[in-house]
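Below: one structure, written as structure tokens.
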Amino acid sequence: MILINGKETATQLKKEIAKQVEDRIAAGKRQPHLVAILVGNNGASMTYVANKEKACAQVGFKSSVLTYEATISEDELIQEIQKLNQDPTVDGFIVQLPLPKHINEQRVIESIDPRKDVDGFHSVNVGNMTLGLPCFVSATPHGIMELLEAYQIDTKGKHCVILGRSNIVGRPMANLLSQKTYPGNCTVTVCHSLTPNIKEITLMADIIIAAIGVPEFLKADMVREGAVVIDVGITRIPADNEKGYRIVGDVAFDEVAPKCSYITPVPGGVGPMTIISLMKNTLRAAELNDTK
Ligand code: NAP
1034 MILINGKETA TQLKKEIAKQ VEDRIAAGKR QPHLVAILVG NNGASMTYVA
1084 NKEKACAQVG FKSSVLTYEA TISEDELIQE IQKLNQDPTV DGFIVQLPLP
1134 KHINEQRVIE SIDPRKDVDG FHSVNVGNMT LGLPCFVSAT PHGIMELLEA
1184 YQIDTKGKHC VILGRSNIVG RPMANLLSQK TYPGNCTVTV CHSLTPNIKE
1234 ITLMADIIIA AIGVPEFLKA DMVREGAVVI DVGITRIPAD NEKGYRIVGD
1284 VAFDEVAPKC SYITPVPGGV GPMTIISLMK NTLRAAELND TK
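Mapping the sequence shown onto the working numbering, position 225 (from 1) lands on 1258, and the numbers just tick up by one.
Structure, rendered in structure tokens:
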């Protein structure tokens, strides 16, 4: 069994991005600039944005955070986004989700200029991704593709079973892995909460991508010998430690790992790659901005 070390891969990729930023600056170009919009004071969102700022500093990007009260109206937020769309010094920006309930998230996402939508959530980017055209691919699926590539995992003709059909993980993953590319060329099955007999399906899988948010859902008797298992799940469960919680994935790691050819741990697997993908998208957005 080979443990897929997302942390190590992310550290390596971060160095490569930092080098590309250095080269940009040496060539007289600007530092890439990523802006994060944070609405309200959701603790998890504040942590995610702080981590993104930290990663920007590590690779040499400029980063800014625009914070707004949870009471901001949808129209006011969209006006702020339009300012960023027009600001030539901003290469890419993200709106940290979730937004307060009175704001329609999709309408907000659709107001972002797709060329600055480094989260890859705009329908233009999602549409281009499904057609295999140049686009910003959303961070988690992009990070998983990078991990498969970094470990040279054979995907051609393999049966990939994806647990979960969300717009941010399961569905784009299914699309990417079914494309005529590497990683890709898989036969893909997508399971969700209404799929009966999931175990029968996962037992036929060469590759399983678990993204449902149900702690330790995937057990050893659901996995065949030699499978590749990618665990996307992140759930905090109470624990008797300093933090008062620990992070658990969708895979019962201890019992599943011995059967696998490759497996990602949680934490330290897919998670660290997500932020790298955002950095890569921002660098690409800066390159596109150079040519405007
Ligand atoms: P989501 O939007 O809640 O979607 C969950 C999906 O799982 C849905 O399609 C749901 O089916 C399906 N599902 C739920 N319970 C199921 C069950 N018992 N059996 C089969 N399918 C089931 O979640 P998400 O945003 O995709 O996130 C999934 C997990 O990944 C979460 O733990 C999240 O924290 C984690 N995550 C991690 C990263 C990272 O960077 N590592 C990034 C994003 C998300 P229905 O469609 O039928 O409801």
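Glycine included, every Cβ here is placed at the ideal spot set by N, Cα and C.
Classification of residue i by the beta-carbon crowding that lies within 10 angstroms, buried from 16 upward
i, result
"K1116", "exposed"
"G1076", "exposed"
"T1235", "buried"
"T1315", "buried"
"G1176", "buried"
"T1297", "buried"
"K1252", "exposed"
"M1034", "exposed"
"K1313", "buried"
"K1149", "buried"
"I1105", "buried"
"G1259", "exposed"
"E1102", "exposed"
"N1230", "exposed"
"P1291", "exposed"
"S1171", "buried"
"N1074", "exposed"
"R1204", "buried"
Residue i - DSSP class collapsed to helix/strand/coil
i, result
"G1076", "helix"
"D1323", "helix"
"G1160", "helix"
"L1378", "Because the chain is modelled from 1034 through 1325, residue 1378 falls outside the range shown and cannot be assessed."
"I1242", "strand"
"H1066", "strand"
"L1166", "coil"
"L1251", "strand"
"L1071", "strand"
"L1236", "coil"
"N1200", "coil"
"K1276", "coil"
"V1227", "It should be pointed out that residue 1227 corresponds to Leu in this sequence rather than to Val. In the structure shown, L1227 sits in coil (DSSP, three-state: anything other than H, G, I, E or B)."
"Y1215", "coil"
"I1142", "helix"
"V1092", "helix"
"T1315", "helix"
"I1105", "coil"
"G1304", "helix"
Beta-carbon proximity of residue i to residue j, cut-off 8 angstroms
i, j, result
"N1218", "T1173", "no"
"A1238", "V1202", "no"
"V1128", "E1107", "no"
"Q1091", "K1052", "no"
"T1042", "A1183", "yes"
"V1261", "V1289", "no"
"D1264", "G1301", "no"
"Y1215", "I1037", "no"
"D1124", "N1322", "yes"
"I1241", "K1085", "no"
"L1067", "S1096", "yes"
"C1168", "L1196", "no"
"L1099", "E1109", "no"
"I1267", "V1299", "yes"
"H1135", "I1145", "no"
"F1094", "P1065", "yes"
One or two residues paired with residue i in a DSSP bridge
i, result
"T1268", "V1281"
"T1222", "V1194"
"Y1295", "I1035, V1261"
Where the alpha helix (DSSP H) containing residue i begins and where it ends
i, result
"K1048", "1039-1059"
"K1149", "No alpha helix (DSSP H) contains K1149, which DSSP labels as neither H nor E."
"T1100", "First-last for T1100: 1095-1101, but that is the beta strand (DSSP E), not the alpha helix (DSSP H)."
"M1206", "1203-1211"
"E1182", "1172-1183"
"V1356", "Absent from the model: residue 1356. The displayed extent of the chain is 1034 to 1325, so no value can be given."
"D1187", "Neither: D1187 is in no alpha helix (DSSP H) and is coded neither H nor E."
"V1289", "1286-1289"
Element boundaries [beta strand (DSSP E), containing residue i]
i, result
"K1134", "Looking at the DSSP string, K1134 is not in any beta strand (DSSP E), and its letter there is neither H nor E."
"I1127", "1125-1128"
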